[in-house]
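Novice:
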DNA sequence: ATCCTATCCTGTAGGC
DNA sequence: TGCCTACAGGATAGGA
């Protein structure tokens, strides 16, 4: 569910509302997420306050006082929810409950349990296996066509799957990959090595634009994603192809197609994203 | 190294 | 109403 814009939305909200708060109490559900949450995590973070909220790709990092960082990933269905007072109603699938010294609360809810939560030494964060291999974050360091073209050299993998590979670029997921390729006019099935330089230029440009616009609208709520306030993101209105199979392309009227790549849905316009439009490359 | 598949888990939507 | 299948924003291990 959450890709870069959704995680960035939550990061910004945490930076605005959670900084300086001291963790007074921690409760864990005991259920395993992507990996078991270590029993010792509670003792490791208790009493520390949140000093900074950072993000790389889809990973969120909360730096705590005393050199400990909470590293989290929302997986498919994870949510960080903040409550100034008491939560209204009963929530299920809440696996982590932080209560701050002032009584406010920060909960991690994750029905499918593909999420991740680790406490690591801040100085060793860079070496954490979850982060060490990640490609650059396209918001932190804007990427150009040259970057993409050089990383794609010789790769047979389809350009859609290339964009999803977090070790090449960090933060693009299934929704935005389809949106970026549509706006760049590139056929998602093309081998990365066969994408011409001028098409990579457009992909680079649209990556920054799409992700930026999505952040401005607090992300896309397709189903599960919610902001820190449990509200949906608004970028769904802007989607040009994702989940629009059989509907008319907003640019040319051709029916949007759904195909499966790497066991995941891809949506594209066969006309706007044809080979002719992205220019023929050598190879 | 690159690539492809299966797998982890629960909820929901749609067909019958 | 229930039952069944397919699918869902992700990442990773393991084999070719």
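Numbering (the numbering used here), first residue to last: 642 to 924.
Virtual Cβ for every residue (Gly too), placed ideally from N, Cα, C.
Quantities reported herein were computed from a predicted structural model and do not represent experimental measurements.
Taking only the alpha-carbon atoms, compute the straight-line gap between residue 789 and residue 729 and give it to the nearest angstrom.
Specialist: Rounded to whole angstroms, residue 789 to residue 729 spans 46 Å at the Cα level.
Novice: Assess, as a yes-or-no matter, whether the region 647 to 658 is touched by the region 676 to 685 under the definition of 3 or more beta carbon pairs within less than 8 Å.
Specialist: In short, these stretches do not touch, since the Cβ pair count stays below three.
Novice: Ignore the nearest five residues each way along the sequence and tell me which others in residue 921's own chain have a CB closer than 6 Å to its CB.
Specialist: Model confidence at residue 921 stands at a pLDDT of 43, short of 50, so the residue's coordinates are unreliable; what they give is reported in the following sentence. Cβ neighbours of residue 921 beyond the five flanking positions: none.
Novice: Can you list the alpha helix (DSSP H) stretches of 4 or more residues lying completely in the region 688 to 773, in chain order?
Specialist: The qualifying runs are 770 to 773.
Novice: With DSSP run on the structure shown, which of helix, strand or coil describes residue 643?
Specialist: coil
Novice: Specify whether the region 871 to 878 and the region 842 to 861 touch according to this definition: at least 3 beta carbon pairs, one from each stretch, less than 8 Å apart.
Specialist: yes
Novice: Find the nearest neighbour of residue 758 within the set 701, 856, 904, 809, judged by alpha-carbon distance.
Specialist: 701
Novice: Quick check on this structure: which residue in 671, 882, 697 has the alpha carbon closest to the alpha carbon of residue 773?
Specialist: 697
Novice: Taking 7 Å as the limit between beta carbons, can you name the residues of its chain near residue 820, skipping five residues before and five after?
Specialist: 851, 880, 881, 882, 883
Novice: Reducing DSSP to helix, strand and coil, say where residue 898 ends up.
Specialist: In the three-state scheme derived from DSSP, where H, G and I count as helix and E and B as strand, residue 898 is classed as strand.
Novice: Would you mind giving the Cβ-Cβ distance between residue 870 and residue 723, rounded to the nearest angstrom? I have them listed as a contact below 8 Å.
Specialist: Correct: roughly 7 Å between the Cβ atoms.
Novice: Is the distance from the Cβ of residue 784 to the Cβ of residue 845 below 8 Å?
Specialist: yes
Novice: Use the C-beta contact count for residue 677: other C-beta atoms within 10 angstroms, 16 or more gives buried, fewer gives exposed.
Specialist: exposed
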